[in-house]
Amino acid sequence: MAGIPGKGLQRRITIFVIVIIAALFMLAGRLAWIQFVQGDKLSEKARGQVLENRGLLSPRGTIFDRNGRELAVSFLAKSLYVDPEEFIKSNQNPDAIANLLAPVLDMKAVDIKERFAAGGRFVWIKRTLDPAVSDKVISIIKEHNIKGLAFIEESKRYYPNDNLAAQVLGFVGTDDIGLDGLEMALDGTIKGSLSKHTIDTDNRGIPIFESIFTVAPPKKGKNVYLTLDSTIQFIVEESLDKAMASTKAARATIIVMNPRTGDILAMANRPTFNPNQFYKYGPENWRNRAVSDLYEPGSTFKSIVAAAAVQEGLVHPDERFIDKGYVEVSGRRIKNWSGDSYGEVSFTDIMKNSINTGIVEVGMRLGAARLTNYIRAFGFGQATNIELPGEAEGILFKPENMRDSDIATMSIGHSIAVTPLQLITAVSAIANDGVLLRPHIIKEIQNDDGSVYSAASTQVMRQVISLETSRTMVRMLEEVVTEGGAKKAQAKGYRIAGKTGTAEKLREDGSGYLAGRYIASFAGFGPVEDPKLAVLVVLDDPRGVYYGGETAAPVAGEIFAKVLRYLNIHPDSGQPALPKTVSKTVAVSAASPSGPIPAGKAVVPDLKGKTMREAGDLLFKAGLAMIPEGTGLAASQSIAPNTLIDAGSEVRVYFKPR
Numbered sequence: 021m022a023g024i025p026g027k028g029l030q031r032r033i034t035i036f037v038i039v040i041i042a043a044l045f046m047l048a049g050r051l052a053w054i055q056f057v058q059g060d061k062l063s064e065k066a067r068g069q070v071l072e073n074r075g076l077l078s079p080r081g082t083i084f085d086r087n088g089r090e091l092a093v094s095f096l097a098k099s100l101y102v103d104p105e106e107f108i109k110s111n112q113n114p115d116a117i118a119n120l121l122a123p124v125l126d127m128k129a130v131d132i133k134e135r136f137a138a139g140g141r142f143v144w145i146k147r148t149l150d151p152a153v154s155d156k157v158i159s160i161i162k163e164h165n166i167k168g169l170a171f172i173e174e175s176k177r178y179y180p181n182d183n184l185a186a187q188v189l190g191f192v193g194t195d196d197i198g199l200d201g202l203e204m205a206l207d208g209t210i211k212g213s214l215s216k217h218t219i220d221t222d223n224r225g226i227p228i229f230e231s232i233f234t235v236a237p238p239k240k241g242k243n244v245y246l247t248l249d250s251t252i253q254f255i256v257e258e259s260l261d262k263a264m265a266s267t268k269a270a271r272a273t274i275i276v277m278n279p280r281t282g283d284i285l286a287m288a289n290r291p292t293f294n295p296n297q298f299y300k301y302g303p304e305n306w307r308n309r310a311v312s313d314l315y316e317p318g319s320t321f322k323s324i325v326a327a328a329a330v331q332e333g334l335v336h337p338d339e340r341f342i343d344k345g346y347v348e349v350s351g352r353r354i355k356n357w358s359g360d361s362y363g364e365v366s367f368t369d370i371m372k373n374s375i376n377t378g379i380v381e382v383g384m385r386l387g388a389a390r391l392t393n394y395i396r397a398f399g400f401g402q403a404t405n406i407e408l409p410g411e412a413e414g415i416l417f418k419p420e421n422m423r424d425s426d427i428a429t430m431s432i433g434h435s436i437a438v439t440p441l442q443l444i445t446a447v448s449a450i451a452n453d454g455v456l457l458r459p460h461i462i463k464e465i466q467n468d469d470g471s472v473y474s475a476a477s478t479q480v481m482r483q484v485i486s487l488e489t490s491r492t493m494v495r496m497l498e499e500v501v502t503e504g505g506a507k508k509a510q511a512k513g514y515r516i517a518g519k520t521g522t523a524e525k526l527r528e529d530g531s532g533y534l535a536g537r538y539i540a541s542f543a544g545f546g547p548v549e550d551p552k553l554a555v556l557v558v559l560d561d562p563r564g565v566y567y568g569g570e571t572a573a574p575v576a577g578e579i580f581a582k583v584l585r586y587l588n589i590h591p592d593s594g595q596p597a598l599p600k601t602v603s604k605t606v607a608v609s610a611a612s613p614s615g616p617i618p619a620g621k622a623v624v625p626d627l628k629g630k631t632m633r634e635a636g637d638l639l640f641k642a643g644l645a646m647i648p649e650g651t652g653l654a655a656s657q658s659i660a661p662n663t664l665i666d667a668g669s670e671v672r673v674y675f676k677p678r
């Protein structure tokens with residue numbers, strides 16, 4: 021008997037329905053398990069696939085000079101990267117694109133092509149591009165529809181004055197890390213803070229970098245105000261460049277310091293570099309020789325030995341000496357630098373004419389122990405602990421190891437190695453009534469909100485010599501400038517004191533001296549009646565005429581004249597004629613004023629189209645000071661040409677690239 025078809029179909033339908041219901045129950049159970057048991061875990065996993073933690077670094081703090089002029093600033097710049105996988109998938113011509121980008125990025129096409137083929141999802145091509153460069157790259161990407169290239173914004177350091185105070189400021193690497201100078205020394209203080217944010221990623225796990233910039237950036241690093249004055253720094257560097265050109269020296273250093281406060285007003289070295297393009301230079305250019313280089317100071321050191329002997333009562337300015345042109349010490353003959361014999365002379369004459377024999381005799385009176393103690397008291401043989409990196413301590417004999425010949429040679433500035441900063445600090449102590457101050461280059465550090473984080477103050481180290489001895493030394497050193505070997509350090513209308521030096525140059529291995537190679541220098545201060553400036557000029561290996569009185573002294577004289585006028589120190593008075601903030605202008609016709617210029621007034625010259633040096637010279641000759649901004653040629657000035665203003669006033673000059 022045949023089966024009933026309807027029952028078989030019904031059974032199959034029933035089984036199908038049961039299976040469907042069971043599947044639904046299983047699915048519901050699975051959904052319940054995922055939702056209620058594993059929900060939190062899976063949600064976290066899902067978020068991890070589309071979100072990523074990223075750090076956002078705020079810009080570094082700004083470095084200002086003492087008057088609030090920017091020396092180092094930070095801004096957001098575009099950095100170019102490639103997604104190699106996307107670039108390759110788009111079947112683009114890597115050779116053609118690399119050739120398009122190479123001249124714009126100032127890179128080799130082969131290097132760019134290597135980055136295209138590096139593999140992975142992210143490779144830097146070039147970071148922190150200048151705005152003009154990034155704009156050109158954007159145009160190329162759009163014009164040629166290039167796939168896989170994109171930008172990230174990063175903080176970039178910029179030095180608006182190019183090489184001004186380059187070795188003091190140092191520079192910052194591409195990862196916003198200070199690599200030299202104050203940028204390195206203060207990296208932990210002025211570096212921007214890092215804050216972490218969760219950002220979106222695409223379906224391939226690649227971060228959508230733009231999303232990070234929708235978050236409010238963290239506060240930038242602390243701002244730093246230096247003791248440097250950018251106008252004085254400019255004057256010094258201009259004089260230094262002229263000295264390098266005229267003497268053909270291999271290297272040089274100039275420091276300007278306020279002997280009453282310890283403030284470093286200017287510090288410059290040659291060779292130099294542009295910190296905006298530090299990678300184009302080497303360590304020779306980066307080196308801050310003012311704090312790191314050691315040299316034998318020569319006759320500039322005689323001021324220190326003389327001060328010690330006067331303080332000990334072992335000599336007085338009018339004491340008479342007999343000079344026969346040489347002196348024998350422990351079988352060693354030490355001659356005068358000139359080879360001459362001066363006969364009967366006073367101790368003041370010995371200082372004026374830098375007579376070696378007399379200074380050797382005075383040094384021998386002091387003896388090894390007293391001489392060394394005074395030298396250490398003046399700060400030699402130890403770091404000054406200025407806020408700059410790489411400071412050397414110098415080299416100084418231990419008294420127990422000294423022979424008489426060592427005492428003799430040290431007395432004339434040999435057999436001792438000092439840094440330029442140590443020497444200017446010691447000379448400043450003579451100018452500052454015998455009080456040694458700690459030099460400093462940081463005036464104040466401020467938080468981002470303008471509140472004071474830390475502030476420097478004048479730090480007294482010790483009283484090295486008495487006020488009476490200081491005044492005696494000042495009188496003798498003034499005669500060195502007015503009548504002796506430092507005449508070319510004179511600044512018309514100002515009383516200057518100081519001492520020149522000419523020392524043979526040591527071999528780098530310390531095995532002796534280089535024949536015909538010298539270091540010429542001048543160290544002094546002024547105005548004598550109330551010293552506001554101490555100036556040290558060191559010219560390493562000048563060609564031709566090499567005496568300090570002929571090469572270094574004129575540079576110092578020019579700096580004294582320009583800077584004292586800039587500080588509005590009235591000639592022959594040693595005191596400011598008017599506060600620097602006072603600058604009354606009188607409108608005159610476009611033509612130069614007719615008749616003589618009234619006393620205490622000056623006419624502003626037309627500076628348009630002039631270089632910085634030309635503009636500075638014109639203003640100096642007119643009796644005015646310059647505040648430069650930018651680089652290149654003068655495009656405009658804060659006070660119109662032919663305006664009659666107070667002598668000593670400041671004129672801000674705006675320079676633009678040629």
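Okay, so the sequence shown: first residue is 21 according to our numbering, each after it adds one. All C-beta atoms in this analysis are idealised placements derived from N, C-alpha and C, irrespective of residue type, glycine included. Bear in mind that the values here come from a model prediction, so they are computed numbers and not experimental data.
Same chain, Cβ closer than 6 Å to residue i, five either side skipped, listed in chain order
{"i": "Arg672", "result": "Ile647, Ser658"}
{"i": "Ser250", "result": "Asp85, Arg89"}
{"i": "Pro151", "result": "none"}
CB contact flag (residue i, residue j, <9 Å)
{"i": "Thr520", "j": "Gly454", "result": "no"}
{"i": "Gly643", "j": "Gly668", "result": "yes"}
{"i": "Ala286", "j": "Ile252", "result": "yes"}
{"i": "Gly81", "j": "Asn243", "result": "yes"}
{"i": "Glu316", "j": "Ile539", "result": "yes"}
{"i": "Tyr566", "j": "Thr502", "result": "no"}
{"i": "Trp528", "j": "Arg537", "result": "It is Glu, not Trp, that sits at residue 528 in the sequence shown. No, Cβ-Cβ distance for Glu528 and Arg537 is not below 9 Å."}
{"i": "Thr377", "j": "Gly351", "result": "no"}
{"i": "Ala554", "j": "Val276", "result": "yes"}
{"i": "Ala437", "j": "Ile415", "result": "yes"}
{"i": "Arg340", "j": "Val365", "result": "yes"}
Nearest to residue i (by Cα), restricted to the options the options
{"i": "Met384", "options": "Tyr362, Phe398, Met422", "result": "Met422"}
{"i": "Ala116", "options": "Gly88, Asn165, Lys146", "result": "Asn165"}
{"i": "Ala137", "options": "His460, Gln510, Phe107, Ala129", "result": "Phe107"}
{"i": "Lys262", "options": "Leu559, Tyr586, Leu587, Asn296", "result": "Leu559"}
{"i": "Gly650", "options": "Phe675, Leu638, Leu627, Gly629", "result": "Phe675"}
{"i": "Phe321", "options": "Gly564, Ser541, Gly546, Ile54", "result": "Ser541"}
{"i": "Thr12", "options": "Asn181, Pro79, Ile172", "result": "A question about residue 12 goes unanswered here, because the residues of the chain that appear run from 21 up to 678."}
{"i": "Ala645", "options": "Lys552, Val583, Leu44, Ile38", "result": "Val583"}
{"i": "Arg177", "options": "Val188, Leu184, Ala186, Asp196", "result": "Asp196"}
{"i": "Arg491", "options": "Asn452, Ile274, Ala388, Val472", "result": "Asn452"}
Reduced DSSP category for residue i - H, G, I as helix; E, B as strand; rest coil
{"i": "Pro661", "result": "coil"}
{"i": "Arg271", "result": "strand"}
{"i": "Trp144", "result": "strand"}
{"i": "Phe400", "result": "coil"}
{"i": "Glu549", "result": "coil"}
{"i": "Phe341", "result": "strand"}
{"i": "Ile284", "result": "strand"}
{"i": "Gly28", "result": "helix"}
{"i": "Glu304", "result": "helix"}
{"i": "Asn289", "result": "strand"}
{"i": "Gln510", "result": "coil"}
{"i": "His590", "result": "coil"}
{"i": "His434", "result": "coil"}
{"i": "Ala138", "result": "coil"}
Pairwise C-alpha distance: residue j and residue i
{"i": "Asn308", "j": "Gly201", "result": "8 Å"}
{"i": "Asp155", "j": "Ala412", "result": "45 Å"}
{"i": "Ile83", "j": "Phe56", "result": "57 Å"}
{"i": "Ala475", "j": "Gln466", "result": "8 Å"}
{"i": "Lys372", "j": "Gly504", "result": "4 Å"}
{"i": "Pro440", "j": "Asp313", "result": "8 Å"}
{"i": "Arg396", "j": "Gly544", "result": "20 Å"}
{"i": "Asp702", "j": "Val335", "result": "Here the chain has residues from 21 to 678 only, and residue 702 is not among them."}
{"i": "Ala622", "j": "Ile579", "result": "20 Å"}
{"i": "Ala446", "j": "Ile406", "result": "14 Å"}
Closer than 9 Å to chain B by CB, residue i
{"i": "Lys512", "result": "In summary, chain B is missing from the structure at hand, where a single protein chain is found."}
Own chain, CB closer than 8 Å to residue i, minus 5 neighbours either side, in chain order
{"i": "Glu258", "result": "Met632, Arg633, Gly636"}
Residues of its chain near residue i, where Cβ-Cβ distance is below 7 Å and the 5 sequence neighbours each way are ignored
{"i": "Ile161", "result": "Leu169"}
{"i": "Leu199", "result": "Gly190, Phe191, Val192, Gly193"}
{"i": "Trp577", "result": "Sequence check: residue 577 is Gly here, not Trp. Only Lys508, Ala509, Gln510, Ala511 meet the Cβ criterion."}
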